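Each remark here refers to the structure printed beneath this line.
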Amino acid sequence: MKNLGITGIYLNPIFFANSSHRYDTNDYFRIDPMLGTEEDF
1 MKNLGITGIY LNPIFFANSS HRYDTNDYFR IDPMLGTEED F
């Protein structure tokens, strides 16, 4: 990635939340079903 000029990576929350942006996480130990399952990750 460095060769492509990428200098940073922005990570979005993957935890279960009431909103689509997931910044109001309800459970830090549960992956949002919209993104997959525990097994997927």
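For the sequence shown, the working numbering begins at 1 and goes up steadily by one. Cβ atoms here follow ideal geometry from the backbone N, Cα and C, with glycine treated the same way. All values derive from a computational prediction rather than experimental measurement.
Strand pairing of residue i, partner residues [DSSP]
i   : result
F16 : D27
Straight-line gap, residue i to residue j (C-alpha atoms, nearest Å)
i   : j   : result
R22 : E39 : 20 Å
D32 : F41 : 11 Å
G36 : N3  : 31 Å
M34 : Y10 : 19 Å
Proximity winner among the options, relative to residue i (alpha-carbon distances)
i   : options            : result
P13 : T25, T37, F41, P33 : T25
F15 : D27, L4, I9        : D27
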